[in-house]
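Q:
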Amino acid sequence: MSAPQAAAPTPQAAKDASQRRQKAMLADYFERLAAARENGTKVVYTFVPGNLVELIDALDMLPVLPEINALQSAMRKRSAGYIAEAEKAGHAEDVCSYVKCDIGMLKSGNTGPTGTKLPEPDLLLLSYTGCFTFMKWFELLRQEYHCPVVMLHVPYQAGGAVSGEMQRYVVDQLRQKVVPALEAVAGRRLDDGALRERLERSRQAEDDLVAVWDSARNRPSPIDAYFGGVYYIGPIFSAFRGGDGAVAYYRELRREVEDRVAHGEGPTTPDGSGAPERHRLVVEGPPNWTHFNDFWRMFSREGAVMVSSTYTRVGGLYDGGFRHDAERPLDSLAEYCLGCYTNLSLPARVDLLERDIRKYAADGFLINSVKSCNSFSAGQLLMLRELEQRTGVPGGFIESDLVDPRYFGKANIENRVQSYLQMLEARGKERTAA
Amino acid sequence: MKCAVGIDLGSTTTKAVLLDEDGRIVGRGITNSRSNYEVACAVAREEALSAARFELLRQAVEVAAGRDAHAAGAPATALQDAYRLELYLAELAELTAEIGTLLESRPMEAHRAALTPAAAEVLAEMAEGAALLFAPGAERKSDFFRDLAAAAFMHAAERVAGAGGVPFDRLAGLFDRAILNVETRLKSTDFGATLRRAAARVAAARGDGPGEAARLALLELADRVAALPIAEIAFVGTGYGRQTLPFPKEAIRSEILCHGRGAHRAYPGTRSVLDIGGQDTKAIQVDERGVVTGFQMNDRCAAGCGRYLGYIADELNLGLHELGPLALQARRAVKVNSTCTVFAGAELRERLALGQRREDILAGLHRSIMLRAMSLLARSGGVANQFTFTGGVCKNAMATRVLGELVGEHYGAGITINTDPDSIYMGALGAALFALDDARAGRPALLPAFAAPRGAAA
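Chains as they are written, first to last, in the working numbering: chain A, 15 to 448; chain B, 20 to 477.
Shown next as structure tokens:
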């Protein structure tokens with residue numbers, strides 16, 4: 015979900031200028047977090063889907079996103095140790111590995127992914143957007159930190175649409191519960207103008223991000239919208255949305271991508287420019303973080319480019335038309351939360367995947383099912399069948415985990431990926447022959 | 020003759036299949052994968068090439084029979100058995116030399132005096148008994164040198180040790196160390212020279228029957244067949260070890276595609292395939308051309324694969340081939356968990372201790388392995404008619420029976436289930452078919468030189 019720049023791949027992974035910019039942004043962010051206590055800056059822990067960083071920032075507080083810390087720790091090869099710590103503390107093997115990695119990090123001194131210490135939270139802001147584990151996770155953190163919790167209950171989009179009642183329900187909570195709780199911690203009132211400024215900057219960045227997603231309609235696609243995509247969502251899904259840094263990042267990213275389109279170039283991969291595009295895939299499910307570049311290379315070296323992914327929609331679905339809106343601050347924040355991918359029903363997820371398979375002219379789609387994620391792995395085989403039936407495009411299915419390296423069987427996964435890509439090749443030839 | 024070669028580097032065995040330009044199978048080879056895929060690959064390929072030459076020889080004998088009654092009296096089968104004996108003796112000579120080297124090494128100093136004559140006696144007994152292993156109609160439990168030599172060595176070692184002086188464990192340890200070196204050494208066989216020795220052996224064994232003219236005719240035929248050129252025009256490798264060997268990228272195909280294609284070639288009506296190998300179970304769906312349309316395979320855990328049965332066989336001190344027939348004698352199937360091989364082993368011991376019949380427990384174990392396979396099949400898209408079962412486990416009659424019952428229960432009685440005694444070669448067959456495609460499309464890849472020992476191919 016965020017910037018995986020500091021992973022330790024072998025050999026060294028190639029990077030774009032925007033990636034280097036993001037790395038600097040992250041380093042600065044973790045520095046600010048490290049100095050937060052000293053500077054008297056208040057800290058709010060919150061989750062990526064449905065995060066309200068514009069509100070937090072408008073009150074001059076800093077967000078901490080535990081999933082980002084977990085995945086960043088995994089990319090830096092620290093998650094195995096943290097998970098072991100959590101298991102020592104009594105957390106079972108099958109518990110969400112993001113949770114265990116975060117708890118283990120906390121138990122090991124709460125040193126963040128870049129090596130600086132993370133401040134304790136002044137508030138836990140639980141935006142509930144479909145993942146029930148989030149509730150349990152913050153219960154555990156509350157026990158550790160003895161700090162207040164405020165919960166925003168976002169109703170599930172069971173019917174596949176957001177009703178006026180749902181919208182009002184969220185806005186009322188924002189107005190009556192969330193904003194007052196944030197103000198209480200910040201020690202001052204929310205400045206409406208400051209919030210609007212941030213929301214306007216969010217919109218600018220979102221416009222550029224959508225242009226980046228849309229660029230994958232080109233052949234070759236100039237982006238990898240899954241492996242590359244997790245870098246692209248880094249700023250907007252985390253602490254930077256609504257800030258000048260994010261606006262500049264997305265402007266630069268869009269230029270880079272447009273430049274690649276102009277030159278007919280494919281995406282930047284860990285090996286620099288990857289093999290020429292042979293397969294265009296849409297992906298469901300998060301990537302594995304512990305072997306991120308290995309996993310990516312399994313595709314990039316075979317010329318398989320991910321033209322869209324649902325994972326890059328978990329922290330906001332902008333290509334459906336939604337934008338944060340300075341004219342409708344709380345309403346647009348409510349819409350944002352309601353529209354996150356994690357809050358969609360199975361049929362809505364299938365619809366979204368079908369839309370992208372067609373929109374990006376994909377010749378395959380892949381599901382990476384996460385062992386320790388009960389919320390989102392359930393039903394994925396049904397999704398596979400339904401999508402195959404609707405589109406005639408063959409699906410592939412692999413299983414791994416988020417940040418627990420024990421669940422990444424490289425040989426097994428590579429075998430499946432190769433088999434799947436060769437199957438696409440063979441079926442492509444067959445169609446040509448027919 | 021021009022051939023396309025397919026090699027399947029499985030976790031337990033390595034197989035090779037040769038197809039001629041018309042797609043006919045002309046040779047097959049199989050060997051244990053050892054801990055060295057390079058050698059296994061070379062051995063399987065060489066065996067397939069030899070088999071192709073024997074096929075040519077058979078054809079030559081048939082032609083010769085038309086005009087020469089003496090030549091017709093030289094059965095190619097006897098010659099092939101003699102050829103195998105020659106190969107066995109050559110490996111036995113290597114084993115003997117290796118044991119000699121080990122006995123000369125420093126760590127053996129203290130035991131050298133006692134072990135040297137004992138080992139010599141064991142090896143001499145093995146050499147004496149070798150011909151019996153390859154006598155006409157002799158039944159061998161395995162064709163792999165390691166298995167045959169181990170059985171013969173241990174048998175002789177028990178007797179020699181029993182006679183006093185040398186502990187059995189020391190002799191057995193000597194064999195274990197030596198065989199590792201012998202079977203992982205890349206070597207080449209001169210087909211022509213070996214065949215000549217075999218032909219001479221066959222002719223000599225015939226005593227006064229056909230006389231000098233027949234002996235000469237046989238030798239001449241052997242020479243002619245050995246000299247026939249066999250050109251490998253394309254190659255594809257598959258199986259678990261395909262990444263380990265530096266095969267050219269374009270010569271590698273996934274075993275899922277190869278098994279699907281091989282099963283479809285053997286039974287063109289095939290639409291679903293179940294392949295249970297040593298550590299992989301694959302459920303594959305194919306279309307009317309044998310192209311894979313979907314698949315599932317076991318993930319991380321190999322419970323439910325061939326090794327599960329291997330482990331159970333070890334626990335019971337039985338041969339793998341004995342499990343199925345025993346289980347078929349069950350009166351009822353005891354429920355056994357299938358989530359973990361080791362747990363199943365513990366459960367097996369527990370149930371034996373409770374007095375439950377071995378046959379009934381084994382029936383339960385077979386059912387549990389097949390239930391896992393059914394789950395994979397369901398996830399891959401189910402079982403469509405026709406359904407082909409491949410892989411080493413399909414040799415197990417109980418496994419096949421249970422699978423049939425479960426398929427009937429879940430998918431109805433109308434499903435045709437194909438099993439083939441040669442199904443272990445399906446992956447290599449599929450690979451060879453892909454190689455032939457590549458040759459026909461004008462972009463063949465060839466087997467790398469490391470696996471092409473001198474003299475193996477013409």
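Idealized CB from N, CA, C, for every residue including glycine.
Would you identify the three-state DSSP class for proline 18 (chain A), choosing helix, strand or coil?
A: Its pLDDT being 41, under 50, proline 18 (chain A) is placed unreliably by the model, and the measurement read from it follows with that caveat. Three-state result, proline 18 (chain A): coil.
Q: Counting only C-beta atoms, is proline 300 (chain A) closer than 7 Å to chain B at any point?
A: no
Q: Let me know the secondary structure DSSP gives leucine 127 (chain B) once reduced to three states.
A: Reading off the sequence shown, one finds methionine at residue 127 (chain B), where the question assumed leucine. DSSP places methionine 127 (chain B) in helix when its eight states are reduced to three.
Q: Against chain A, does serine 399 (chain B) count as a neighbour if the rule is that its beta carbon must be under 7 Å from one of theirs?
A: no
Q: Does any residue of chain B bring its CB to less than 7 Å from the CB of arginine 372 (chain A)?
A: For arginine 372 (chain A), the nearest beta carbon of chain B is not closer than 7 Å to its own beta carbon.
Q: Is there contact here, the region 395–415 of chain B with the region 437–452 of chain B, by at least three beta-carbon pairs under 8 Å?
A: Short answer: they touch.
Q: Quick one: does arginine 268 (chain A) have its CB under 7 Å from some CB of chain B?
A: no
Q: Inspect the beta-carbon positions of leucine 223 (chain A) and tyrosine 170 (chain A) and report whether they are closer than 7 Å.
A: no
Q: Exposed or buried, valine 328 (chain A), counting other C-beta atoms within 10 Å across all chains shown (16 or more means buried)?
A: buried
Q: Per DSSP, what are the beta-bridge partners of leucine 137 (chain A) in this structure?
A: A:Val58
Q: Please tell me whether aspartate 294 (chain B) has its Cβ less than 7 Å away from any Cβ of chain A.
A: no
Q: Suppose you measure from the CA of glycine 92 (chain B) to the CA of glutamine 78 (chain B); what does that come to, to the nearest Å?
A: No answer about glycine 92 (chain B) holds up, because its pLDDT of 48 lies below 50 and its placement is not dependable.
Q: Taking a cut of 8 Å between CB atoms, which residues from the region 407–426 of chain A lie near chain B?
A: Within the region 407–426 of chain A, those residues whose Cβ lies closer than 8 Å to any Cβ of chain B are, in chain order, Pro408, Gly409, Phe411, Glu413, Tyr421, Gly423, Ala425, Asn426.
Q: Here's the rule: buried if 16 or more other CB atoms are within 10 angstroms of the residue's CB, otherwise exposed. What is histidine 385 (chain B)?
A: buried
Q: Rounded C-beta distance between asparagine 65 (chain A) and proline 127 (chain A)? I'm assuming under 8 Å.
A: Actually they do not touch by this definition, with Cβ atoms about 18 Å apart.
Q: Quick check: the region 341–349 of chain A against the region 269–286 of chain A, are there 3 or more CB pairs under 8 Å?
A: no
Q: Does the contact criterion of 3 or more C-beta pairs under 8 Å hold for the region 158–178 of chain B versus the region 101–120 of chain B?
A: yes
Q: Taking 6 Å as the limit between beta carbons, can you name the residues of its chain near aspartate 238 (chain A), skipping five residues before and five after?
A: Within the same chain, aspartate 238 (chain A) has close Cβ partners Pro281, Val319, Met320.
Q: Quick check: aspartate 370 (chain A) and valine 296 (chain A), are their CB atoms within less than 7 Å of each other?
A: yes
Q: Leaving out five residues before and five after tyrosine 240 (chain A) in sequence, what residues of the same chain have Cβ atoms less than 6 Å from its Cβ?
A: The residues are Val297, Met320, Ser323.
Q: Which residues in chain A have a C-beta closer than 8 Å to the C-beta of aspartate 318 (chain B)? List them in chain order.
A: Glu413, Gly423, Asn426
Q: Exposed or buried, which one is proline 300 (chain A) when buried takes at least 16 other CB atoms within 10 Å?
A: buried
Q: Using a C-beta cutoff of 7 Å, does arginine 441 (chain A) count as contacting chain B?
A: yes
Q: Which residues share a DSSP beta bridge with alanine 302 (chain B)?
A: B:Leu293, B:Gln315
Q: Quick one: what's aspartate 39 (chain B) bridged to in DSSP?
A: B:Cys22
Q: What residue ranges within the region 51–112 of chain A form continuous beta strand (DSSP E) runs of no fewer than 3 residues, ordered along the chain?
A: 57–60, 76–78
Q: Assuming serine 216 (chain A) is part of the beta strand (DSSP E), what are its boundary residues?
A: It is not in any beta strand (DSSP E) - serine 216 (chain A) instead sits in the alpha helix (DSSP H) that spans 206–228.
Q: So, is glutamate 74 (chain B) buried or exposed, given that buried needs 16 or more other C-beta atoms within 10 angstroms?
A: Burial state of glutamate 74 (chain B) is buried, judged by a 10 Å Cβ sphere holding 16 or more other Cβ atoms.
Q: Checking the sheet assignment: what are the DSSP bridge partners for asparagine 51 (chain B)?
A: B:Thr32
Q: Between alanine 375 (chain A) and the rest of its own chain, which residues show a CB-CB distance below 6 Å, the 5 nearest in sequence each way excluded?
A: none
Q: Of all the beta strand (DSSP E) runs that stay within the bounds of the region 356–419 of chain B, which reach a length of 3 or more residues?
A: Runs of the beta strand (DSSP E) inside the region 356–419 of chain B: 406–409.
Q: Since phenylalanine 61 (chain A) and serine 389 (chain A) are thought to touch, with beta carbons under 8 Å apart, how far apart are those beta carbons, to the nearest angstrom?
A: Wrong, their Cβ atoms sit about 12 Å apart, outside the cutoff.
Q: With distances taken from CA atoms, which of B:Leu465, B:Ala95, B:Leu342 is nearest alanine 236 (chain B)?
A: B:Ala95
Q: Please classify lysine 160 (chain B): is it buried, with 16 or more other beta-carbons within 10 angstroms of its beta-carbon, or exposed?
A: It is exposed - the Cβ of lysine 160 (chain B) has fewer than 16 other Cβ atoms within 10 Å.
Q: Helix, strand or coil for asparagine 336 (chain B) per DSSP?
A: coil
Q: Using beta carbons (cut-off 7 Å, strictly below), is serine 52 (chain B) in contact with chain A?
A: So, not an interface residue.
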